[in-house]
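In what follows, a single structure is set out as structure tokens and then discussed.
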Amino acid sequence: MNEQSNVVALNATSEPTAFNAALAEPTNVLIVGVGGQGVILVSKVLASLAQAHGYEVKQSEVHGMAKRGGTVFSHVRFGPRVWSPTIAKGEADVLIALEWAEGLRWLPHLKRDTGVFICDTKRIVPPFACRSRRPGAPMRYATETAEQVAAYVSEAYAIDATKMAEELGNERAANVVLLGALSTVLEFALPEWEKTVTAFVPKKTIAVNSAAFELGRNWIAEAKNEPPSADAAPAAAPVHAPYQPRLEITDAWCKSCEICVKLCPERCLTLNADRIATLVAPEKCTGCRLCEWLCPDFAIRVHLDPEAPAMEAAQ
Amino acid sequence: MPTRPSQADIYQTRYGSHGDYPMIVLAPASAREIYDETIRAFDLAELCRTPVILLYDQVIAQSSETVALGGRTSVHATRKWASGPREAYKPYAADADLIPPMPRPGDGYRTHTTGLTHSETGFPSQDPETVTRNLGRLYAKLDKHRDLIDSFEAVRCEDAEVVIVAIGISARAARRAVDACRAEGKKVGLFRPVTLWPFPEVALREATRNAKAILVPELNIGQLRLEIERQLRDRRVEGLHLISGEPITPAQIAAAATKLASEV
Amino acid sequence: MFSDAPHFDVRDYLRKEMMPHFLCPGCGHGMALRALLWAIHELNIDRDKLAVVSGIGCAGRLSAYIDANTFHTTHGRPLAYATGLALARPDLHVVVITGDGDCLAIGGNHLIHACRRNLKLTCLMLNNEIYGMTGGQVSPTTSETRLTTTTPHGNSEPNFDACALATAAGAGFVGREVTRHVPKLKELIKAGLQHPGFAFVEVVSDCTEVYGRKNDMGSSAEMVLRQKSEMRPSAYRDSVDEPFRSTDLPTGILAQNNRPEYGAALRAAAAARAAK
Ligand SMILES: Cc1ncc(C[n+]2csc(CCOP(=O)(O)OP(=O)(O)O)c2C)c(N)n1
Ligand code: SF4
Ligand code: SF4
Ligand code: SF4
Ligand SMILES: [Mg+2]
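If you want it as structure tokens, here you go:
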């Protein structure tokens, strides 16, 4: 990550990219993100702008589980004549993503040779990205590198819009930072953009959103002048240091009730010959603490020891 | 019998709960005495770290008497509070006076209080030695402070051949009976325990030194009489028992005392 | 969920010299005790200022294991003792641990009047549907048809919904949780401890040795698992189809109000009188 600024161009072209919707083909903009980020606002601003411009606009969105952090996407198509409301794979002119993995998920929808990818480096890791209950277990979040992304698309920007918005005092304005970025690749005039954004954001947040818009817009301009950066993709989200669960069992307190044995999700406990709870499959234990919580006799204490390579070396 | 006179709770106050333990029970016989004994009850409770029962009859409770307040008007005893380091403190380890200093929540002692038999630590124990030692201490504690606990009234007992032993409203009737009998030349006296439990047995023996017979008038079938019989095995003890819901009159007591005096 | 912060160690809050405790193997009361101590830990309550008052029964025995100011009182009366303590010492945090028999049978009146007064207290009623300690007699919460020593042909008395009772009597905070969900129970107790009035928390607990055995409810583990299938958080209640609803016990915070707190009201009245 570039230390000096929040912004990095993955693969910028120095020529400004403006899609001319006056051409017969409609312009396809795909906006994606996670519930609560403001995908729909971005698409509404864009749709309204295009409509005001006299284009035919079709917008289609899915935001069913939006409130619960699920995937949200919105297709916006505008031009002199638009038939289908959805953008087919490989047909998007612009893919604008409010979340990193969501952006990568939708990359195949972008036009391979001319498509523009603008992506917030914000990471929202879904719970199912980590199915192992073991603390520190690797998260199965997108692992693509900047090079891989850059090789795939013709023009790409990884922008830490969330951090920029945060610095402006309102994290929720990240979507408008991205709108600012988007404004540089579409044909509409700046005043039109500003008017529409102002009309759509909540009254109390007009100032911060205007600033956010300008920040996003300027950022692209700057990024276009910067050489592409190799390590531009966001650093892997810090995973917890790997831990090794260790069970401390107070034999004298255990009453052999077997609750821990039967309720351990990994089935790694048993009663030994003396009918005292014992960990028989330590490699399966995730350290979830269920046994500790449910033992009515306080006989189990789960310790999560840092997995220290130095210790192993010493042995 | 609600709101009717009766004196049927003499053993209830002494043995009414589960477990073996001594009990302080005060039995005042007038409004003024209720006032004084209430103060004393608090004093004893604080001092000996024990509950105290104030036992008086319905008749006194629901009658009006002129009382000149004065003398002691407030509780004098102060409780002994725990002090010193927590580790060394045991809530039922007594000092020489057999009274352990009491822990106060918030002072950092974090002790346990239980109605189960417990050791000096306060935690439940059924160890025979521990239980014996700790229950024994409760008795020894009251024994040690009998000079403060005991209280009684003896009226014309020095030369009495018949001593009436009574408490509460029955004692007040007996007081007039004593005067009536003395007017007739009968040597009759009255012993009135103010502290009912532990029973002031030394004072009773002293008051009945010359008595040939004892009369116990009471509003029950013979509760106080049982205790007097136990205390004075070598003496004739007669009861005068009324369970009708009415108080005993001085005349009834005087008649019974006169009869007894004539028989001994 | 995972955090590097040291996890709550229940042993820090126990009188270790009293352990192992006297409860039977698998008794749900142990989990309830953990949840209470965990809540106390998370709220950072000073144990010198914590008073735990319990009644008589297996539930009543729990106070002895807590490293705080503890009072094991008389059957049915922990709320009465606690009322006196909380009124005399508003600086203390007073928690009551009671059983279903203790709280609803012999102590039923103390409960409804404590709810009515709304004195700042937290009352944990450990409901195992039985008089566990005395060998398994029917209690006011024993489910119909269940076998107990005093209902050898199955209980035919309808049982109390303790939370509904407490709510109707005016308790400031009413909630229910099962011991199976120790962390959720901890959260509920925390909410109760923070409530400024009378907080009644029913803990659905298992008497494995007496009730479980008598009613063929399987091993301790099976009893714990059963809780999960029979209880349903109130939040999900409406999403459950009607035929299944009748067997559900709603859990979570079931009632909360802001009625004036009795102790504060009493002190304010005394201060007003003194000012005259
Ligand atoms: C005044 C009085 N009556 C009866 C008893 C006997 N007794 C002890 S525990 C108990 C019932 C306890 O049941 P519960 O409150 O449900 O507690 P659990 O043991 O089930 O946890 C009874 C009736 C007693 N100790 N004191
Ligand atoms: S912490 Fe306990 S319950 Fe969890 S996996 Fe390990 S042994 Fe099983
Ligand atoms: S839950 Fe506790 S008491 Fe029961 S078997 Fe496991 S360790 Fe032993
Ligand atoms: S009798 Fe029942 S409630 Fe009591 S300790 Fe045993 S299992 Fe628990
Ligand atoms: Mg019970």
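Heads up: the sequence lines are chains Z, S and L, in that order. Just so you know, the first sequence maps onto residues 759 to 1073 in the numbering used here. Just so you know, the second sequence maps onto residues 11 to 274 in the numbering used here. Just so you know, the third sequence maps onto residues 4 to 279 in the numbering used here. Backbone N, C-alpha and C define an ideal beta-carbon position, used for all residues, glycine too. The structure presented is a predicted model; accordingly, all values stated were derived computationally and were not measured.
Around the Cβ of V274(S), a 10 Å sphere holds fewer than 16 other Cβ atoms; the residue is exposed.
One alpha carbon belongs to E163(S), the other to V175(S), and they sit about 10 Å apart. Chain L places a beta carbon closer than 8 Å to that of E1016(Z), counting this residue as a contact. Chain-order list of chain S residues neighbouring M21(L): F133, by C-beta distance under 8 Å.
For the stretch 907–934 of chain Z, no residue has a beta-carbon sitting nearer than 8 Å to a beta-carbon of chain L. Using a CB distance below 7 Å, no part of the stretch 99–127 of chain L faces chain S. One alpha carbon belongs to A98(S), the other to V62(S), and they sit about 30 Å apart.
Residue-level contact check: M136(L) does not touch chain Z, since none of the beta carbons of chain Z fall below 8 Å from its beta carbon.
Residues of chain L whose Cβ lies closer than 7 Å to the Cβ of W1011(Z) are, in chain order, M22, P23.
In the structure shown, P203(S) falls within a strand segment according to DSSP collapsed to helix, strand and coil.
Counting along the chain, no beta strand (DSSP E) covers F52(S); the unbroken alpha helix (DSSP H) around it starts and ends at 41–58. For H251(S), the closest Cβ of chain L is not nearer than 8 Å. DSSP lists L853(Z), A914(Z) as the bridge partner or partners of F875(Z). A41(S) is positioned such that its CB atom lies closer than 8 Å to that of I70(S). Going by DSSP, N786(Z) is part of the beta strand (DSSP E) stretching over 785–792. With the criterion set as a beta carbon lying under 8 Å from some beta carbon of chain L, the members of the stretch 120–132 of chain S are R120, T121, H122, T123, T124, G125, L126, in sequence order.
Within chain L, no C-beta atom comes nearer than 8 Å to that of G255(S); the closest sits roughly 30 Å away.
The beta carbon of K816(Z) is closer than 6 Å to those of R835, V840, P843 in its chain, skipping five residues each way along the sequence.
At least one C-beta of chain L is nearer than 8 Å to the C-beta of L1052(Z). In this structure, F875(Z) keeps its C-beta atom at 8 Å or more from the C-beta atom of V830(Z). Near chain Z, meaning a CB-to-CB distance below 8 Å, the residues of the stretch 25–43 of chain L are L26, C27, P28, G29, C30, G31, H32, G33, M34, R37.
DSSP, reduced to helix, strand and coil, places S1014(Z) outside both helices and strands of the structure shown, so it counts as coil. Nearest to R898(Z) by alpha-carbon distance, out of P866(Z), I882(Z), A908(Z), is I882(Z).
Taking the CA atoms as reference points, W91(S) sits about 10 Å from D117(S).
Residue-level contact by beta carbon fails for A62(L) and chain Z, as no gap is shorter than 8 Å. Listed in chain order, the non-local C-beta contacts of L57(S) below 6 Å within the same chain comprise A87, local neighbours out to five positions each way being set aside. The distance from the Cβ of K217(L) to that of T145(L) is about 11 Å, inconsistent with a contact at the 8 Å cut-off.
Think of a sphere of 9 Å around the beta carbon of D12(L): the chain Z residues whose beta carbon falls inside it are R1059, in chain order. The three-state reading of DSSP puts A174(L) in coil, since its state is none of H, G, I, E or B. In terms of CA proximity to A267(S), A184(S) leads the group A184(S), A213(S), R235(S). Taking a cut-off of 8 Å on C-beta distances, the stretch 912–920 of chain Z does not touch the stretch 946–954 of chain Z, as fewer than three cross pairs fall below it. By the Cβ criterion, the stretch 135–145 of chain L is in contact with the stretch 60–71 of chain L, since at least three pairs of Cβ atoms, one from each stretch, lie closer than 8 Å. The stretch 176–183 of chain L makes no contact with the stretch 89–109 of chain L; the number of CB pairs closer than 8 Å stays below 3.
Along the stretch 1019–1034 of chain Z, going in chain order, the ones with a CB nearer than 9 Å to a CB of chain L are V1019, K1020, L1021. Interface annotation, F74(L): in contact with chain S, CB-CB separation under 8 Å. Not one heavy atom of ligand 1 falls within 7 Å of the beta-carbon of L799(Z).
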